[in-house]
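Working notes, structure below.
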Amino acid sequence: MTENSKISRNKKMSQNIAFWSFRILSIAVVGILFWILGFILVNGAKVISWDFLTKVPTDGMTGGGIFPAIVGTLCLMLGSVVIAFPIGVMSGIYISEYASNNWVVKVIRIMTNNLSSVPSIVFGLFGMALFVNTLGFGDSIIAGSFTLALLVLPIVIRTTEEAMKSIPDSFRVGSLALGATKLQTIWKVLLPMAFPNIITGLILSVGRVSGETAPILFTCAAYFLPRLPTSIFDQVMVLPYHLYVIATSGTDIEAARPMAYGTALVLIGIVLIINLIANGLRRYFGNKVKTS
11 MTENSKISRN KKMSQNIAFW SFRILSIAVV GILFWILGFI LVNGAKVISW DFLTKVPTDG
71 MTGGGIFPAI VGTLCLMLGS VVIAFPIGVM SGIYISEYAS NNWVVKVIRI MTNNLSSVPS
131 IVFGLFGMAL FVNTLGFGDS IIAGSFTLAL LVLPIVIRTT EEAMKSIPDS FRVGSLALGA
191 TKLQTIWKVL LPMAFPNIIT GLILSVGRVS GETAPILFTC AAYFLPRLPT SIFDQVMVLP
251 YHLYVIATSG TDIEAARPMA YGTALVLIGI VLIINLIANG LRRYFGNKVK TS
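Encoded structure:
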């Protein structure tokens, strides 16, 4: 066997080892994911019913339904996205298209990345100090929405910035050469092209917001509130906190355990539906850009 043949054989063997290692790891990750989802699905499906989804909790939250918690979760998701998405998109556009690449912008990027890694309980304490106490919102939907918006704002800013940077400069130059202003170029050319990727930030934001417990614990979540909110200044029951309460304290844990599994399944279902809608929007806008 020649030297070249040995080298080629060793390369092929190394490639096969790496390939099968990655394949095994991928299968393991997917398997764990399906095992978790299957466990929740099997145990949670036993309690899923129309009454469970549409009635208020009773008997110390070991009976009845979780409708107030579903409504509260959707209110916080919508409120936080409405606040964070426009601000984050405009900030990402400014950093990408208007700001000079100097030390100030570098510091802003570093601080944005650091905010992404700050524990959520810190945001909860900050939200309680600013929105609940200083601004006088009290424990309310608006206080929780602003707190969660701050939590996901770095994600939206970074995804918007990267989406804008991914567009070739030839589109900018061509638009400006045709007489368009910088604002017109961003609004008519760059933003429609980047929007499918910007929606990725929306998807990540919804996923992050839906599962947070610490920020809402300090700003808006109620232990037991068997009624629907009537304004943005009302407290609400929220699925993550409801799940925490019935699974750990304040109730007969064994009696409430099936309800906890059902709550977890509903929360996963809500996140899945919202992600599917967001992915549909991303595909729609992506196809629209390709055909335009």
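FYI, the working numbering numbers position 6 of the sequence shown as 16, with every residue one higher than the one before it.
All residues carry an ideal CB built from backbone N, CA and C; glycine is no exception.
- In the DSSP assignment, residue 219 falls within the alpha helix (DSSP H) that extends over 201-220.
- In summary, residue 69 is exposed, with fewer than 16 beta-carbon neighbours lying within 10 Å of its beta-carbon over all protein chains present.
- Here residue 233 is exposed. Its C-beta has fewer than 16 other C-beta atoms within 10 Å.
- Assignment of beta-bridge partners to residue 240 by DSSP yields no partner.
- When 160, 84, 139, 269 are compared, the shortest CA-CA separation from residue 280 is found for 84.
- DSSP places residue 77 inside the alpha helix (DSSP H), whose first and last residues are 77-103.
- Taking residue 198 as reference, the option from 56, 42, 163, 184 with the minimal CA-CA separation is 184.
- Its chain contains no residue whose beta carbon lies nearer than 6 Å to that of residue 119 once the 5 sequence neighbours on both sides are disregarded.
- Note on residue 235: 16 or more other CB atoms within 10 angstroms of its CB, so buried under the neighbour-count rule.
- A check of alpha carbon separations from residue 79 across 287, 283, 273 identifies 273 as the nearest.
- Burial check for residue 19: the Cβ neighbour count within 10 Å stays below 16, so the residue is exposed.
- Residue 166 sits in a helix when the DSSP states are folded into three classes.
- With 16 or more other CB atoms across the displayed protein chains lying within 10 angstroms of its CB, residue 169 is buried.
- Cβ-Cβ distances below 7 Å link residue 54 to 271, 272, 274, 275 in the same chain, with the five nearest sequence neighbours on each side left out; the list follows chain order.
- A buried status is given to residue 157, since no fewer than 16 other beta-carbon atoms sit within 10 Å of its beta-carbon.
- Taking one beta carbon from each stretch, the segment 190-205 and the segment 42-51 have fewer than 3 pairs nearer than 8 Å; the two do not touch.
- Residue nearest to residue 143 within the set 228, 247, 28 is 228 (criterion: CA-CA distance).
- Between residue 219 and residue 162, the beta carbon gap of about 6 Å places them in contact (Cβ cut-off 8 Å).
- A distance of 8 Å or more separates the beta carbons of residue 101 and residue 159.
- Ranked by Cα distance from residue 237, the options 23, 59, 33, 81 are led by 81.
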